[in-house]
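Asks: Residue numbers are given in full-length UniProt numbering: position 15 of the sequence shown equals residue 15, and the series is strictly consecutive. Don't be surprised by glycine CBs; every beta carbon is placed ideally from N, CA and C.
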Amino acid sequence: MTVIVDALPAPFDLDPLHTALILIDMQRDFIEPGGFGESLGNDVSLLRAAIAPCQRLLSAARAAGLLVIHTREGHRPDLSDAPPAKVQRGAPSLRIGAPGPMGRILIRGEPGHDIIPELYPQAGEPVIDKPGKGAFHATDLGPMLQYRGIRDLIVCGVTTEVCVHTTVREANDRGYRCLVPADCCASYFPEFHEVALRMVHAQGGIFGWVSDSTRLVAALD
Ligand code: TIU
């Protein structure tokens with residue numbers, strides 16, 4: 001079965017059985033106060049705009065039988081998988097690994113590292129723990145998609161120009177066609193969100209397509 005989704009730069013045809021919905025880093029550390037995102041000086045409330053569209057798309061994707069995959073950015077408690085250049089970068093109020101109000105910043109197993117309750121994974125939905133910005137780097141996402149016969153990806157999450165973009169770029173180079181629903185992503189910098197989406201679909205879709213949750217849900221219905 002093929003469904004056609006209205007998208008830029010052109011309609012996107014997808015087969016739900018060969019498509020995965022990937023929710024990037026919808027974690028408390030980025031979206032709730034007291035986590036990594038806020039430690040970097042950001043207004044984390046800006047990311048909440050993506051939650052309701054993601055909830056609607058997640059429901060439609062589950063009903064249509066798409067593979068649903070969640071990712072979490074974070075590190076081992078001993079920081080052995082955290083590049084010193086990442087840990088030492090900038091002047092955050094709390095560094096990666098430091099104790100904060102939601103536990104140690106960006107550390108696996110801590111409350112802040114968990115996915116927000118609004119988009120919590122269901123039993124059977126893989127959760128990829130990734131140390132980097134892209135979901136392919138140093139993870140088993142690639143083999144997982146290959147074993148399930150996945151050809152196309154719908155990539156949602158936060159932040160648009162950081163982990164969503166990096167993952168879409170990685171996926172595109174690996175031969176996956178990527179569709180980004182604009183309202184299912186968000187950034188601490190609204191202007192970066194807008195231009196990041198334009199970068200995806202410019203030049204004839206140089207590394208992907210852009211649509212929105214309303215169009216996708218209608219197509220999957
Ligand atoms: N800081 C920022 O915009 N993003 C990240 O550090 N990680 C993700 O995008 N998940």
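By Cβ distance, which residues of its chain are closer than 6 Å to residue 101, with the 5 residues on each side in sequence left out?
Replies: In the sequence shown, counting from the first residue as 1, residue 101 sits at position 101. The answer, listed in chain order, is 34.
Asks: Do residue 158 and the ligand TIU come close, with the Cβ less than 7 Å from some heavy atom?
Replies: For the purposes of this step, residue 158 is taken as the residue at position 158 of the sequence shown. Yes; taking the cut-off as 7 Å, the Cβ of residue 158 has a heavy atom of the ligand TIU nearer than that.
Asks: Check this for me: beta carbons of residue 16 and residue 213, under 8 Å apart or not?
Replies: Walking along the sequence shown from the start, residue 16 turns up at place 16. Walking along the sequence shown from the start, residue 213 turns up at place 213. Not closer than 8 Å, so no.
Asks: Around the C-beta of residue 191, are 16 or more other C-beta atoms found within 10 angstroms, so that it is buried, or is it exposed?
Replies: On the sequence shown, position 191 is the one that residue 191 refers to. Exposed, by the Cβ-count rule.
Asks: Counting C-beta neighbours from all protein chains within 10 Å, is the total for residue 127 16 or more, i.e. buried, or is it exposed?
Replies: Position 127 of the sequence shown, counting from 1, holds the residue named residue 127. The residue is exposed, with fewer than 16 neighbouring Cβ atoms inside 10 Å.
Asks: Is residue 110 close to the ligand TIU? I mean its beta-carbon at under 7 Å from any heavy atom of the ligand.
Replies: Translated into the one-based positions of the sequence shown, residue 110 becomes position 110. Not under cutoff, so the answer is no.
Asks: By a C-beta neighbour count over all protein chains shown, 10 Å radius and 16 as the cutoff for buried, is residue 205 buried or exposed?
Replies: Here residue 205 refers to the residue found at position 205 of the sequence shown. By the 10 Å Cβ count, residue 205 comes out buried.
Asks: On the DSSP letters alone, give me the boundaries of the alpha helix (DSSP H) that residue 217 sits inside.
Replies: On the sequence shown, residue 217 is found 217 positions in, with the first residue counted as 1. First-last of the alpha helix (DSSP H) with residue 217: 213–220.
Asks: With a Cβ-Cβ cutoff of 8 Å, do residue 167 and residue 135 count as a contact?
Replies: Numbered from 1 along the sequence shown, position 167 holds the residue referred to as residue 167. Numbered from 1 along the sequence shown, position 135 holds the residue referred to as residue 135. Against a cut-off of 8 Å, the Cβ pair of residue 135 and residue 167 comes out as a contact.
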